[in-house]
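**Student:** Residues 1 to 163, numbered by the UniProt record's numbering, are exactly what the sequence shown covers, in order. We put the CB at the ideal spot given by N, CA and C, even for glycine. Have a look at this one.
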Amino acid sequence: MSSTADRLHPSLLDRLTDDEPDRTSEASDSRSARRNQLKQGVLRDLVWLLNTVRPDQALFEGLDQARDSVLNFGLPALSGQSIASLDGRDMERAIHAAIIRFEPRIDPSSLSVQLLQAIDVTHHHQVGFEIRGRLWSHPHPVDLLLKTQLDVECGEFRLDADS
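Here it is, written out as structure tokens:
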């Protein structure tokens, strides 16, 4: 696991990405700009994580290191399932485990994932979750509150940041 100091920097992707290639000087590096950049990077990466289908776990039988690597990035396949066949608590655990494993900018002790409504067929193939946590940030952590909607028919998550 990386040290605490490593967690205070933007991700490597964010540091290598130039959103303004025509600008010859660096943008202001104010605390609020850094916090916003951190939050936006985490949101982007969570969308990628939640919308990536990981391989069948049978492929990793006896391959513990491969199972624990980025080869296992994402969530189990959810598209094409009937909403009645889904277990909300299992989905909460899968989302929580994926975030803990693949999003080191969120303090694991602060992370919670909760089903927003009971799963039933009247929700038109939509399931909502609330994701709460704190982002590692110096000198103060950044609170994160996300509402997610999973469209079970296509297996796509949408994230909305509330704060």
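(1) If you compare alpha carbons, which of G128, L145 and V142 is closest to R158?
(2) Taking the beta carbon of G62 as the centre, do at least 16 other beta carbons fall within 10 Å, making it buried, or is it exposed?
(3) Just curious, the alpha helix (DSSP H) that I99 is in, first and last residue?
(4) Return helix, strand or coil for L35, following the three-state DSSP convention.
(5) Taking the Cβ atom as the reference point for each residue, do F60 and R67 lie within a distance shorter than 7 Å?
(6) Find the nearest neighbour of E156 within the set T52, M91, L43 and Q40, judged by alpha-carbon distance.
(7) Please list, in chain order, all residues of the same chain as L86 whose beta carbon is under 8 Å from its beta carbon, the five residues on each side excluded.
(8) Just to confirm the assignment, what range does the alpha helix (DSSP H) spanning D64 have?
(9) Taking buried to mean at least 16 other C-beta atoms within 10 Å of its own C-beta, is A98 buried or exposed?
(10) Can you tell me whether residue 164 is buried or exposed, with buried defined as 16 or more other CB within 10 angstroms of its CB?
(11) Taking the C-alpha atoms as reference points, what is the distance between R134 and G88?
(12) Which term fits R93, buried or exposed, when burial requires 16 or more other beta carbons within 10 angstroms of its beta carbon?
(13) Check the DSSP bridge columns for E130 and list the partner residues they point to.
**Tutor:** So, from the data block:
(1) Here residue 158 refers to the residue found at position 158 when the sequence shown is read from its first residue. For R158, the nearest C-alpha among the options comes from G128.
(2) In the sequence shown, the residue the question calls residue 62 occupies position 62. Classification for G62: exposed.
(3) Here residue 99 refers to the residue found at position 99 when the sequence shown is read from its first residue. In this chain, the alpha helix (DSSP H) harbouring I99 covers G88 to F102.
(4) Position 35 of the sequence shown holds residue 35. Position check: residue 35 holds Arg in this sequence, whereas Leu was assumed. The answer is helix: DSSP assigns R35 an H, G or I state.
(5) To locate residue 60, count along the sequence shown from 1; it is residue 60. To locate residue 67, count along the sequence shown from 1; it is residue 67. With contacts defined as CB atoms closer than 7 Å, F60 and R67 qualify as a contacting pair.
(6) Your numbering for residue 156 matches position 156 in the sequence shown. Nearest C-alpha to E156: T52.
(7) Position 86 of the sequence shown, counting from 1, holds the residue named residue 86. Excluding positions up to five away in sequence, the list reads L78, I119, V127 and V152.
(8) For this step, residue 64 is matched to residue 64 along the sequence shown. Note, D64: alpha helix (DSSP H), D64 to R67.
(9) Locating residue 98 in the sequence shown gives position 98, counting from the first residue. Under a 10 Å Cβ-count criterion, A98 is classified as buried, with 16 or more other Cβ atoms of the shown protein chains found around its own Cβ.
(10) In the structure as shown, the chain begins at 1 and stops at 163. Residue 164 is therefore absent and cannot be evaluated.
(11) Translated into positions along the sequence shown, residue 134 becomes position 134. Translated into positions along the sequence shown, residue 88 becomes position 88. Answer to the nearest angstrom: the Cα atoms are 23 Å apart.
(12) If you number the sequence shown from 1, residue 93 lands on position 93. With a threshold of 16 other beta carbon atoms within 10 Å, R93 falls short and is exposed.
(13) Along the sequence shown, one-based indexing puts residue 130 at 130. Answer is Q114 and K147.
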